[in-house]
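Novice: Per the UniProt record's numbering, the sequence shown starts with residue 1, numbered consecutively. The C-beta atom is built at its ideal place from N, Cα and C for all residues, glycine as well. No experiment lies behind these values; they were computed from the predicted model shown. If you scroll down you'll find the structure; I have some questions about it.
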Amino acid sequence: MVRVDFPGVNMVTKRLASGERRVYYYHRASGIRLPDDPRSPEFAQAYAKLNAAPATRLDDPKPETFAALIEAYKASPDFLQLAEETRKSYARHLDTLSLGNTAKGGKFKGWGALPVKAVERKHVLTLRDTFMEKPRTANYMVQVLRLLLTFAVDRGWRADNPAQRPKMLKTGDGHRPWEESEIESFRAKWGPTTRERVAFELLLNTGQRAGDVAAMVRQHYRSGTISVTQQKTNERLWIPASQELVAVLDPWLESHKHMAMLPSRFHKPMTPNGFVHFMSDAIREAGLADDVTTHGLRYTAATMLHELKLEWEVIASITGHQTVAMVRKYTAKKRNAQLAIASLDAARAAKGKGKKGRPKNAE
Numbered sequence: 001m002v003r004v005d006f007p008g009v010n011m012v013t014k015r016l017a018s019g020e021r022r023v024y025y026y027h028r029a030s031g032i033r034l035p036d037d038p039r040s041p042e043f044a045q046a047y048a049k050l051n052a053a054p055a056t057r058l059d060d061p062k063p064e065t066f067a068a069l070i071e072a073y074k075a076s077p078d079f080l081q082l083a084e085e086t087r088k089s090y091a092r093h094l095d096t097l098s099l100g101n102t103a104k105g106g107k108f109k110g111w112g113a114l115p116v117k118a119v120e121r122k123h124v125l126t127l128r129d130t131f132m133e134k135p136r137t138a139n140y141m142v143q144v145l146r147l148l149l150t151f152a153v154d155r156g157w158r159a160d161n162p163a164q165r166p167k168m169l170k171t172g173d174g175h176r177p178w179e180e181s182e183i184e185s186f187r188a189k190w191g192p193t194t195r196e197r198v199a200f201e202l203l204l205n206t207g208q209r210a211g212d213v214a215a216m217v218r219q220h221y222r223s224g225t226i227s228v229t230q231q232k233t234n235e236r237l238w239i240p241a242s243q244e245l246v247a248v249l250d251p252w253l254e255s256h257k258h259m260a261m262l263p264s265r266f267h268k269p270m271t272p273n274g275f276v277h278f279m280s281d282a283i284r285e286a287g288l289a290d291d292v293t294t295h296g297l298r299y300t301a302a303t304m305l306h307e308l309k310l311e312w313e314v315i316a317s318i319t320g321h322q323t324v325a326m327v328r329k330y331t332a333k334k335r336n337a338q339l340a341i342a343s344l345d346a347a348r349a350a351k352g353k354g355k356k357g358r359p360k361n362a363e
């Protein structure tokens with residue numbers, strides 16, 4: 001471990017799946033990860049760049065204000081032990097909460113100077129409604145605020161959390177499982193030797209998040225099993241590779257020598273955002289509808305496992321409880337619709353049969 005003398009830098013030690021301990025360095029004010037070697041020129045350059053960017057800093061915040069609370073939260077294990085992509089997302093929304101979004105034409109002026117104890121339930125709802133034109137963003141802002149105020153309650157900044165269980169804005173059904181016809185259309189467009197097809201089969205047959213699939217390397221596939229540590233939950237999973245996956249993955253890995261299972265054009269693992277854009281382009285080129293998404297394949301995997309009569313607890317061990325809850329809701333709606341139409345068809349059939357059996361002069 002290398003100790004650093006840079007003010008405002010936190011060191012976090014994590015144990016890898018191999019048992020090795022590794023130290024990561026984070027810029028405290030922004031929560032952004034710095035290069036691994038603090039003695040390198042790249043580390044010094046990144047550190048200087050972050051300190052020179054006032055938009056990502058909360059300089060000398062007044063005590064007991066939201067700016068001070070956000071700085072304390074970003075320096076805590078509650079924040080630093082989150083997955084990297086989650087930290088980046090939280091940091092963006094925390095900066096908006098403190099600094100506002102008026103520079104981008106937004107209406108929110110920021111709560112950085114506001115005392116933490118002054119916030120009431122009505123202020124939480126006003127914050128939500130300020131972002132109402134983008135319901136998902138509005139709900140996410142409230143969710144981040146709730147986490148922040150939970151941190152404040154635990155540390156004695158205030159006695160209650162006014163952002164606990166507020167009513168969220170409606171956002172529609174969001175992601176949904178793919179239909180069989182959509183799966184067939186994608187496979188028809190992208191042959192088994194294409195990177196698009198391999199990525200698709202990995203998503204469909206493992207049920208993992210896009211970021212976890214994008215980060216896979218050769219060592220994650222051994223003896224017919226995909227092993228992966230989920231970035232969001234840090235859970236280690238061992239998923240047997242299905243025949244459909246093996247049929248495309250084995251030839252694909254034989255066709256190149258890169259460590260990354262799905263190398264980018266620079267022969268490195270794709271970033272989570274890059275992978276999502278890559279898959280979105282592939283989906284659109286396959287002529288599928290706008291509501292067919294990469295994340296929907298995660299729900300598709302859970303739906304297929306349910307149709308194979310697996311218990312929900314078993315499915316949740318692979319895809320996660322939130323995904324299972326969504327799939328249960330989706331399958332219940334689909335089953336109820338099928339029952340309703342079956343009942344309607346039966347009633348019409350019975351009515352038609354009755355008419356045929358009546359004599360012509362019965363009226």
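For H295, which of F278, L97 and T150 has the nearest alpha-carbon?
Specialist: Here residue 295 refers to the residue found at position 295 when the sequence shown is read from its first residue. When only C-alpha atoms are compared, the closest one is F278.
Novice: Hey, A83 and K257 are a contact pair by Cβ (cut 8 Å); roughly how many whole angstroms apart?
Specialist: Here residue 83 corresponds to residue number 83 of the sequence shown, with the count starting at 1. Here residue 257 corresponds to residue number 257 of the sequence shown, with the count starting at 1. Not confirmed; about 29 Å, so no contact.
Novice: Among the candidates H306, E311 and G8, whose CA atom is the shortest distance from the CA of A72?
Specialist: Along the sequence shown, one-based indexing puts residue 72 at 72. Nearest C-alpha to A72: G8.
Novice: Excluding the five sequence neighbours on either side, which residues of its own chain have a C-beta within less than 8 Å of the C-beta of V144, listed in chain order?
Specialist: Residue numbering aside, residue 144 sits at position 144 when the sequence shown is read from its first letter. Correct list, in chain order: Y90, H93, L94 and L97.
Novice: Whole angstroms is fine: what's the gap from H27's alpha carbon to L125's?
Specialist: Walking along the sequence shown from the start, residue 27 turns up at place 27. Walking along the sequence shown from the start, residue 125 turns up at place 125. Roughly 32 Å between the two C-alpha positions.
Novice: Determine whether the beta carbon atoms of I239 and T206 lie at a separation below 8 Å.
Specialist: Counting from 1 along the sequence shown, the entry for residue 239 is found at position 239. Counting from 1 along the sequence shown, the entry for residue 206 is found at position 206. Against a cut-off of 8 Å, the Cβ pair of T206 and I239 comes out as a contact.
Novice: Applying the 10 Å Cβ sphere with the 16-neighbour rule, what's the burial state of M132?
Specialist: For the purposes of this step, residue 132 is taken as residue 132 along the sequence shown, with counting starting at 1. Its Cβ having fewer than 16 others within 10 Å, M132 is exposed.
Novice: Name, in chain order, the residues that DSSP records as bridge partners for W238.
Specialist: Translated into the one-based positions of the sequence shown, residue 238 becomes position 238. W238 is bridged to S227.
Novice: What do you get for V142, buried or exposed, if any count of 16 or more other CB atoms within 10 angstroms of its CB means buried?
Specialist: By 1-based counting over the sequence shown, the position of residue 142 is 142. Buried, since its Cβ has 16 or more Cβ neighbours within 10 Å.
Novice: If we count Cβ pairs, one from each stretch, closer than 8 Å, do we get three or more for the stretch 277 to 292 versus the stretch 192 to 202?
Specialist: Contact holds: three or more Cβ-Cβ distances are below 8 Å.
Novice: Enumerate in chain order the residues of its own chain whose CB-to-CB distance from R136 is below 6 Å, with the five nearest sequence positions on each side excluded.
Specialist: As a position in the sequence shown, residue 136 is number 136, starting the count at 1. Excluding positions up to five away in sequence, the list reads T171.
Novice: Check the C-beta distance from L69 over to L148 and give it rounded, since I have them as a contact under 8 Å.
Specialist: Looking up residue 69 in the sequence shown gives position 69. Looking up residue 148 in the sequence shown gives position 148. Yes, they are in contact, since the Cβ atoms of L69 and L148 sit about 7 Å apart, within 8 Å.
Novice: Is there a C-beta anywhere in chain C that falls below 8 Å from the one on R87?
Specialist: Going by chain labels, chain C is absent from the structure shown, which holds only one protein chain.
Novice: Quick check on the burial criterion: 16 or more other C-beta atoms within 10 angstroms. Buried or exposed for F266?
Specialist: Walking along the sequence shown from the start, residue 266 turns up at place 266. Exposed, since its Cβ has fewer than 16 Cβ neighbours within 10 Å.
Novice: Alpha carbon to alpha carbon, how far is E85 from L203? Give it in angstroms, no decimals.
Specialist: Numbered from its first residue, the sequence shown carries residue 203 at position 203. Numbered from its first residue, the sequence shown carries residue 85 at position 85. Cα-Cα distance, rounded: 19 Å.
Novice: To the nearest angstrom, how far is it from the Cα of P35 to the Cα of Y25?
Specialist: Within the sequence shown, the letter at position 35 stands for residue 35. Within the sequence shown, the letter at position 25 stands for residue 25. Rounded to the nearest angstrom, the two C-alpha atoms are 7 Å apart.
Novice: With distances taken Cα to Cα, identify the nearest neighbour of A138 among V119, D154 and K167.
Specialist: Here residue 138 corresponds to residue number 138 of the sequence shown, with the count starting at 1. The shortest Cα separation from A138 among V119, D154 and K167 belongs to K167.
Novice: Let me know the secondary structure DSSP gives K14 once reduced to three states.
Specialist: The count along the sequence shown starts at 1 and reaches residue 14 at position 14. DSSP places K14 in strand when its eight states are reduced to three.
Novice: Quick one: is E254 buried, meaning 16 or more other Cβ sit within 10 Å of its Cβ, or exposed?
Specialist: In the sequence shown, counting from the first residue as 1, residue 254 sits at position 254. Exposed.
Novice: Do V217 and M261 have their CB atoms nearer than 8 Å?
Specialist: One-based indexing of the sequence shown puts residue 217 at position 217. One-based indexing of the sequence shown puts residue 261 at position 261. A contact, by the Cβ cut-off of 8 Å.
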